[in-house]
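Data first, discussion second: the structure below is written as structure tokens.
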Amino acid sequence: MPPLTWTIKPFADLTLAELYALLQLRSAVFVVEQTCAFQDIDGQDQAACHLLGYTETGTLAAYARLFDAGLSYPEASIGRVAVSPAWRRYGFGRALLHQAIGALETRFGAQPIQIGAQLYLQTFYESFGFRQHGPMYLEDDIKHIHMLRA
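Heads up, the sequence shown is in the working numbering, so the first residue is 73 and it goes up one at a time.
See the structure below:
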């Protein structure tokens, strides 16, 4: 697996180039690849910490946003989990989740973490200790489930 360099920043500390890159990656994955027209810029980015994983050439390959408890869910949460299509099959999704869980614990202390996961990724998230927490629901015509890591 090629190495990634990780950085985490609150919204106010993102550079314009970092903000552009993360919005471009989210759009490529959640809007274009998943053919899903939705309001990605949802007013929550300002409250999030942004986890960015860069390749050796400075390309943003992996991204997630992190929230302390009470901001997105009653528990701490991880959202907008994305790996660039060009950088899949290198294990970056696993590395991203490992970094995200560690960053939440470092910043906000060990606590339960909730996610809204696409249903097809249930087994992936279960490998990190997440368990289904409620029934399947549709979000933007994509099957999702809430998952909790206690």
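A virtual CB, placed ideally from N, CA and C, is assigned to each residue, including glycine.
Computed from a predicted structure; not experimentally measured.
How far does the alpha helix (DSSP H) with residue i in it reach, from first residue to last?
i: Q183; result: Premise fails: Q183 is in no alpha helix (DSSP H) and is neither H nor E.
i: Q96; result: 88-98
Sort out for me which residues DSSP pairs residue i with in a bridge.
i: W78; result: G125
i: Q190; result: H216
i: Y209; result: H216
i: K116; result: For the record, residue 116 in the displayed sequence is Gln; it is not Lys. DSSP, once it has assigned bridges, lists no residue as partnering Q116.
i: Y204; result: First, the residue type needs correcting, since residue 204 is Gln and not Tyr in the sequence shown. According to DSSP, which records beta bridges pairwise, Q204 is partnered with M219.
Starting from residue i, trace the beta strand (DSSP E) both ways and give me its first and last residue.
i: R152; result: 148-155
i: A134; result: 132-139
Within its chain, find whatever has a CB closer than 8 Å to the CB of residue i; leave out the 5 residues flanking it on each side and keep chain order.
i: Q190; result: I214, K215, H216
i: T107; result: none
Report the CB separation of residue i from residue j in whole angstroms; it is logged as a contact under 8 Å.
i: L123; j: Q171; result: 6 Å
i: G201; j: H218; result: Not confirmed; about 15 Å, so no contact.
i: F102; j: D112; result: 6 Å
Return yes when the Cβ of residue j is within less than 9 Å of the Cβ of residue i, no when it is not.
i: W159; j: A136; result: no
i: R221; j: R203; result: yes
i: E177; j: Q186; result: no
i: C121; j: L138; result: yes
i: A109; j: S156; result: no
i: I80; j: A175; result: yes
What residues in its chain sit with their C-beta under 6 Å from that of residue i, if we drop five residues either side in the sequence?
i: V153; result: A136
i: W78; result: G125, Q171
Looking only at its chain, what residues have a beta carbon closer than 7 Å to the beta carbon of residue i, apart from the 5 residues adjacent to it on each side?
i: L143; result: A119
i: L76; result: G125, Y126, T127, A133, A134, F164, A167
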